[in-house]
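Working notes for the structure below.
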Amino acid sequence: MAESIEFDLIICGSGLAGLRAAIEAATKSSKIKIGIVSKVQVMRSHSVSAEGGTAAVLFEDEGDTIESHIYDTIKGSDFLADQDVAERLCVEIPKQVYQLDHWGMPWSRRDDGRIAQRNFGGYSFPRATYASDKVGFFEMQTLYDTCQKFENIEYLNEWFATSIIHDGKRFMGITAIELSSGTFYTIKGKALIIATGGAGRLYSFSTYALSSTPDGLDMAFRAGMALKDMEFVQFHPTGILPSGILITEGARGEGGYLLNNKGERFMKNYAAGKMELAPRDIVSRAMMTEMSEGRGFKHETGVDCMKLDLRHIGDEKIKEKLGGIREISIKFSGLDPAIDVLDVRPVCHYMMGGIHTDINGATELQGVWAAGEAACNSVHGSNRLGANSTSECIVWGRITGELAVNYIEKGFQSTSWPHHLVGAEETRIYDGIFRGNGDVNPYEIRQELTDTMNEKAYVFRNEENLIAGLKKIRQLKKETWKHVDDKAKEYNTNFSNVMELDSMFRVAEIVLIGAINRKESRGAHARTDYTKRDDANFLHHTLAYYDSKEPIMKTHPVTITKYKPVERKY
Amino acid sequence: MRESIIMKIHYGTALAAVALVAVHILMRLTQGFSESLQYDSVIANYKFLPYAGMLEIILILLSIHGFNGLRVILLELKQGRTYEKAVSYGCVAAMIALITYGTRTIIMVNTGLGMM
Amino acid sequence: MTNQDEHKEGIGGMINPRRYGIERVAYLLMRLSGLGLLAYFIGHIYETSSILKGQIGWNEFLELTQTNEGHIILAIVIAMCVFHTVNGIRVMLGQGGVGVGKPARPDYPYIPASQNVRHKMGIYSAIILAAIAMMYGLAVMFGE
Amino acid sequence: MAQIPIITEASTTPSPKVITLRIARYNPQHDSNKKFMEFNIPYERWTTVLEAILEVKKYFDHSVAVRYSCRQATCGSCGMIINGKPRLACFTKISELNSNVVTVEPMNNFPVIRDLAVKFERLFNTHHKVKPYLIHDDSEITTDSKEFLQSPKELEKYIQFSNCIKCGLCNSACPTMATDSLFVGPQALAQAYRYVADSRDKGKDTRLKIIDESHGIWRCHFAGSCSQVCPKGVDPAMGIQLLRGYMLGFRS
Ligand SMILES: Cc1cc2nc3c(=O)[nH]c(=O)nc-3n(C[C@H](O)[C@H](O)[C@H](O)COP(=O)(O)OP(=O)(O)OC[C@H]3O[C@@H](n4cnc5c(N)ncnc54)[C@H](O)[C@@H]3O)c2cc1C
Ligand code: HEM
Ligand code: SF4
Ligand code: F3S
Ligand code: FES
């Protein structure tokens, strides 16, 4: 039988969104008990890797406008963003940037003492607020440290959440495994905020932390919530070889060039107006086109790549503004960006899709909100602009934190605890996975799955590849990988790895099916067999609902307020 | 007592001792090592009040400094309420004992009381 | 909790001077010399109290210490005293924030500014001065 | 852990170099003492120790317990003792160790959960204890409040210390930590300084009071090992001494 503990508010995930939500909730009420459940130690969440910036309009006195931020976001999204949501983001984020400042965020500064901003892809004003090139890290630190002010936040470090318990209408709790002891717990709660981040480890070449797997998404999916727009996966142009670690867009924001093997800045043929600072989908496609037309390079590992040239920025400026990527390239690739050109290649970087929510971050289940990359409130549409994601995490972290507290304080009748759901979950993970049998190595299956995604659903896609990919994944799923060889209870990462793999199968399938169904090219979803955007048939979101056999696919309208979809040109 | 006060005393005693110990040792060296240790010259030193005073000060300073140093090392070796109390009081007691013992020598020699 | 549970490195780790450069050696020598001096100091107070027993008692005691072993011990004490004093002054300055460098944006590869030449020089000079003082002491004591 | 895309057929793998990876295995719940297991792992110029360990986990023994996440030295998960010294596994290349044998053990001065994974509660608690947040009347923003102005110079005074990733390597190297289980430790002390040095902060006196106790800042003897192992250039030793400078009246 499972051990049981109880909180008022459970926050699952401790990235920027989760921590921001916790602070908001704790500020609103010192009486409610908040529990942050995270499968990594709270401050080690993937968000620490964010490098480049947080988009916000801070210099209205110098010509920037919120209106322009809204339009850039919507245009960047290839008009799939819900426009009211985009507006909410742009209106709220400036205040949040100042709030972070008041909590101690070490933003980089201009000589006049004001917070500095830099250029980023797809914006018509330099509005990526930065702190050297470790924005996410410093934001995480600021939020984590600020959390220390509150006595009513409890940290469940390294607890792996496995399922959501509800009575059909309303949220009741979650189940989770405490990794250090291996104990299975039910955590009862009145409200839940899901902030489990993105799932970029579906791809083998990825900028994400190794812990960014879709188990959080899958948990909501299995509980009956829809996953939205999962086919839109962003490929960042500059993942460094061989590790796939990100070289921030800020590197181009500070003036870096992308070069082909003729030594040309090839972006002039694709987006002459913005050059290297076109939105990510466009730059990534340009790079892939260059490579396939023979103007790329070969890295010593045999992979095609392009060159990123930062040398003209100069050693001093690189150290000052791009110290993190300087460290990364020297350490992991042996190249000093002040002396050498870097080998880069488009890399899986962000998932526009996630748990379907409304503008407030509320999901379809009463008492459950989702925020951050795990959520899809459709602010990014089919392509996110760089620096808009940390903004999103902070804005909706705050909003959901506030709304969840309001909801808890309203109070409601308790209904009987659904013991059978806990029992079913125990059976699923212990009988189905922990005590499973088989002789196929789950780690090799994971490798094959992620390689397949990389191969079949990368920057350019087509029907043939996507269907082959889906077939391959369904075939892999049938193999006997569902077993855990490590029989100990304590810190059994073998167990959590296999649970992660289990969730990857379901979510990978949704990505592929969504991509097959969307017979158009929009934002990050580029089909070689349907190269045009098709607003007549596809100006809608994709929803996927759980079913024991195959996901049930539906569509959902896009909210359009002021901005009519037009062709997207840079 | 606040740890900062203790440690300021620790540093202060050390600094003050630097000068005085230098004088004390230089006496040995300037007079010639063995000669300086002759009974008569030692007694003469003791009888000379400023020198005796200096010895007393060195004694106090270094006892404080040394036993506090010992306390620090012992505190870091092992933890626990009773242990730490024992260490602190033990060191203070040892310090007082040493100072008393040393002072007894200085006073008795200086005043000539109780000398054989 | 026992030491094993906490997985503390223990005294062995504390005194192992091999892995972390000269600063860690200085740390160890500072402790050893402090303890050594304390021991000598206690002995010294006891030793000098023999003067109360008059000339005979004093001379008896002198004879005990004015041996080769006694001289060597005394030489070590001199070395400890010089090292402890010089390094003590360095440590005090350092602990007051003097000469430990200025905070600045670190650039990879990170070289900690507090582990700088000034302090290394301080440590080496403490060791060298201690050695010189010890030789001088030996010369004076055995020279006679 | 091939993170390289799979289009690697033409891969030019010349002579694969191999090292012996020795992993400390110990589960305090079941084993009476630590054992080592040895694996032969091929490596490239850029292969990190973490990748080698994950290679073992993938192909040889799924049960190796190790904490990791970002694999780019920003999350602070993967601190361990590698060939005798505390280092980040993801930030240590095998090629730079110049050794045919790579031995990995759990970090010292942290209780072992299992194999290479250690408990961090004490570090989190000491970090919490020094009040690591801005203490300022205006810390909650109101409708019309804007940013605090701060010059790049003022930023420079603390930015170094805010690079701390809480990996615990410093606490593992510090000689006081080796025996004193109540010592606040270099990680927390450096963070205390980080906030004290911030021009926006007003909490200096509060923090100085907190660390002025018998297992507080005075138990640091400026041994400097913390700074030598810090993977992010934080230099806790400097921060601690500057902080103590306030207490000794050298600085104000
Ligand atoms: C390399 C990189 C650089 C980036 N740079 C930028 C940038 O410059 N600007 C920008 O705006 N955006 C950037 N992004 C995007 C942005 O960093 C992410 O979208 C954002 O950090 C996501 O934060 P989050 O709070 O949603 O989740 P995450 O930080 O991903 O956190 C997820 C949390 O969920 C927890 N979790 C997951 N599953 C479970 C489970 N089953 N049980 C318990 N806990 C679970 C994890 O432990 C973790 O705490 C970048 C992304 C990457 C990959
Ligand atoms: C006269 C010059 C002296 C100076 C300048 C001096 C200075 C210092 C300093 C600064 C420390 C603190 C070291 C630290 O915090 O790491 C210290 C420690 C210590 N001192 Fe001295 N000292 C002197 C003489 C002595 C003498 C004569 C004794 C013996 C009685 C002594 C015994 C100790 C002891 C036992 C310690 C603790 C060791 C440690 O913590 O490392 N000192 N000294
Ligand atoms: S100060 Fe350095 S070594 Fe210590 S925890 Fe922070 S980053 Fe790690
Ligand atoms: S190693 Fe320890 S003793 Fe001080 S300088 Fe660093 S905290
Ligand atoms: S895995 Fe994040 S620091 Fe090594």
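Residue numbers (this note's numbering), protein chains in the order written: chain H, 373 to 942; chain A, 253 to 368; chain W, 1031 to 1174; chain D, 844 to 1095. Heads up, the beta-carbon is just placed ideally off N, CA and C, and yes, glycines get one too.
(1) Against H/M723, what residues of chain D qualify as contacts under a CB-to-CB distance less than 8 Å, listed in chain order?
(2) Contact defined as beta carbons within less than 8 Å: I believe H/V675 pairs with H/L613. What is the distance between those atoms, to the nearest angstrom?
(3) Check whether chain W comes within 8 Å of D/M839, counting only Cβ atoms and requiring the distance to be less than that.
(4) Who are the Cβ neighbours of D/Y1036 in its own chain at under 8 Å, not counting the five residues just before and after it?
(5) In chain order, what residues of the same chain have a beta carbon less than 6 Å from the beta carbon of W/R1148, not counting five sequence neighbours either side?
(6) May I ask which residues mark the beginning and end of the alpha helix (DSSP H) holding D/S1070?
(7) Using a beta-carbon distance below 8 Å, is H/A776 in contact with chain D?
(8) Following the continuous alpha helix (DSSP H) through H/R800, name the residue where it begins and the one where it ends.
(9) State the Cα-Cα distance for the pair W/V1055 and W/R1048, rounded to the nearest angstrom.
(10) Among the candidates H/I805, H/G435, H/F607 and H/R667, whose CA atom is the shortest distance from the CA of H/N633?
(11) Find the residues of chain A that neighbour D/D1023, judging by a C-beta separation of less than 8 Å, and give them in chain order.
(12) Excluding the 5 residues flanking A/S288 on each side, which residues of the same chain have their C-beta closer than 7 Å to its C-beta?
(13) Who are H/H897's beta bridge partners in DSSP?
(14) Suppose the cutoff is 7 Å on Cβ atoms and the five residues either side in sequence are ignored; what does the same chain contact list for D/P885 look like?
(15) Would A/K260 pass as an interface residue toward chain D - the criterion being a Cβ-Cβ separation below 8 Å?
(16) My guess is that A/H317 and A/T265 are in contact by the Cβ rule of under 8 Å, so how many angstroms apart are they, rounded?
(17) Under 8 Å between C-beta atoms, does A/E255 make it to chain D?
(18) List the DSSP bridge partners of H/V740.
(19) Using DSSP's beta-bridge definition, name the partner residues of D/Y886.
(20) Could you check the C-alpha separation between A/T258 and D/R1094 for me, to the nearest Å?
(21) Tell me, please, whether the CB atom of A/Y263 is closer than 8 Å to any CB atom in chain W?
(22) Which residues in the same chain have their Cβ closer than 6 Å to the Cβ of H/I702, if we skip the five residues on either side of it in sequence?
(23) Expressed to the nearest angstrom, what Euclidean distance is found between the alpha-carbon atoms of A/I310 and A/T355?
(24) DSSP on H/A880, reduced to helix/strand/coil?
(25) For D/I850, does the three-state DSSP call read helix, strand or coil?
(26) Can you find a heavy atom of ligand 5 that lies under 7 Å from the Cβ of H/R573?
(27) Going along the chain, which residues of its own chain have a beta-carbon closer than 7 Å to the beta-carbon of H/S449, five neighbours each way excluded?
(28) With DSSP as the reference, label H/E922 as helix, strand or coil.
(29) Alpha carbons only, please: which of H/D858, H/P923, H/F497 and H/K904 is nearest the one belonging to H/G886?
(30) Can you list, in chain order, the residues of the segment 948-960 of chain D whose Cβ is nearer than 9 Å to any Cβ on chain W?
(31) Taking 6 Å as the limit between beta carbons, can you name the residues of its chain near H/R770, skipping five residues before and five after?
(32) Given that A/T357 touches chain W, what residues does it touch there, using C-beta distances under 8 Å?
(33) Are H/H913 and H/D601 closer than 8 Å when you measure CB to CB?
(34) Does D/P1079 pass the burial test, meaning 16 or more other C-beta atoms within 10 Å, or should it be called exposed?
(35) Can you tell me whether D/E948 is helix, strand or coil according to DSSP?
Taking the structure as given:
(1) Under the 8 Å cutoff, chain D gives no residues; its nearest Cβ is about 18 Å from H/M723.
(2) H/L613 and H/V675 do touch by the CB rule: their CB atoms are close to 6 Å apart, below 8 Å.
(3) In the structure as shown, chain D starts at 844 and stops at 1095, and residue 839 of chain D therefore has no counterpart that could be examined.
(4) Cβ neighbours of D/Y1036 beyond the five flanking positions: Y1001, F1004, G1082, I1083, L1085 and L1086.
(5) When the five nearest sequence neighbours on each side are left out, the beta carbons in the same chain lying within less than 6 Å of the beta carbon of W/R1148 are those of G1129, in order along the chain.
(6) It spans S1068 to V1072 - the alpha helix (DSSP H) in which D/S1070 sits, taken as one unbroken run.
(7) With 8 Å as the cut-off, H/A776 does not count as an interface residue toward chain D.
(8) Premise fails: H/R800 is in no alpha helix (DSSP H) and is neither H nor E.
(9) If you take the alpha carbons of W/V1055 and W/R1048, they lie about 8 Å apart.
(10) H/N633 has its Cα closest to that of H/R667, out of H/I805, H/G435, H/F607 and H/R667.
(11) Per Cβ cutoff of 8 Å: L327, E328, L329 and Q331.
(12) So the list reads M279 and R280, once near-sequence residues are dropped.
(13) The secondary-structure analysis by DSSP pairs H/H897 across a beta bridge with H/R894.
(14) If we look at D/P885 and ignore the five residues flanking it on each side, its Cβ neighbours are P859, K860 and V861.
(15) Closer than 8 Å: yes.
(16) Contact between A/H317 and A/T265 holds, since their C-beta atoms are separated by about 4 Å, short of 8 Å.
(17) For A/E255, the answer is yes, since a Cβ of chain D falls inside 8 Å of its Cβ.
(18) H/L564.
(19) Bridge partners of D/Y886: D/K860.
(20) Residue 258 of chain A is actually Ile in this sequence, not Thr. Cα-Cα distance, rounded: 19 Å.
(21) Interface residue, yes.
(22) Excluding residues within five positions, the ones whose Cβ falls inside 6 Å are D708.
(23) The C-alpha of A/I310 lies about 11 Å from the C-alpha of A/T355.
(24) Correct three-state label for H/A880: helix.
(25) For D/I850, the pLDDT reaches just 40, beneath the cut-off of 50, and the residue's location in the model is therefore unreliable, leaving the point undetermined.
(26) Not under cutoff, so the answer is no.
(27) Once the five neighbours on either side are set aside, the close Cβ partners of H/S449 are H752, G753, S754, N755 and G895.
(28) The answer is coil: DSSP assigns H/E922 none of H, G, I, E or B.
(29) Distance check between H/G886 and each of H/D858, H/P923, H/F497 and H/K904 places H/P923 closest, using alpha-carbon atoms only.
(30) Listed by position, the residues of the segment 948-960 of chain D near chain W (Cβ gap below 9 Å) are P949, M950, N951, N952, F953, P954 and V955.
(31) Counting only Cβ-Cβ distances below 6 Å, and skipping sequence neighbours, we find R392 and E396.
(32) A/T357 reaches chain W at I1075, T1078, S1079, I1081 and L1082, counting residues in chain order whose Cβ is nearer than 8 Å.
(33) It is a contact, given that the beta carbons lie within the stated cut-off.
(34) Using a 10 angstroms sphere on the CB of D/P1079, the tally of other CB atoms reaches 16 or more, which defines it as buried.
(35) Collapsing the DSSP output to three states places D/E948 in a strand.
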